[in-house]
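Reviewing the structure listed below.
The structure is reproduced here in structure tokens:
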């Protein structure tokens with residue numbers, strides 16, 4: 868949603884020089900969208916040891932065979948991000964409101 872909104876506002880799907888901040892390490896599909904947007908940098912909080920492709924399982928952002936690379940910073944406020952994600956999904960499972 869953030870990539871689409873930024874592209875709409877700028878009138879271009881490419882966002883060179885942009886930094887995207889996310890709570891969870893991107894999966895392959897999200898990373899593909901980020902690379903397609905030509906982001907300069909991606910900053911994430913919690914690592915995803917099952918599907919994360921910014922260093923946990925592999926790092927597609929530094930893959931030499933791809934035509935775009937982005938700087939990656941991971942682990943920023945990792946514990947807080949992990950707690951936010953846990954609370955969000957617990958609330959979804961319990962169908963309760965988030966505090």
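Numbering (the working numbering), first residue to last: 868 to 966. Cβ coordinates follow ideal geometry from the N, Cα and C atoms, glycine included. Keep in mind the model is a prediction, meaning the values are calculated, not measured.
Using three-state DSSP, classify residue i as helix, strand or coil.
i, result
"residue 887", "strand"
Would you kindly work out how many angstroms separate the C-alpha atoms of residue i and residue j, rounded to a whole number?
i, j, result
"residue 955", "residue 961", "10 Å"
"residue 925", "residue 919", "7 Å"
"residue 906", "residue 940", "13 Å"
"residue 876", "residue 952", "28 Å"
"residue 928", "residue 944", "21 Å"
"residue 933", "residue 887", "20 Å"
Check for me: the beta strand (DSSP E) holding residue i runs from which residue to which?
i, result
"residue 875", "Run containing residue 875: none in the beta strand (DSSP E); it sits in the alpha helix (DSSP H), 869-877."
Quiz item: Any chance the stretch 884-894 sits against the stretch 903-923, with 3 or more Cβ pairs inside 8 Å?
Solution: As far as the Cβ criterion goes, the stretch 884-894 touches the stretch 903-923, which means the pair count is three or higher.
Exercise. Give, in chain order, every unbroken run of the beta strand (DSSP E) that is at least 3 residues long and sits entirely within the stretch 888-960.
Key: 908-913, 938-940
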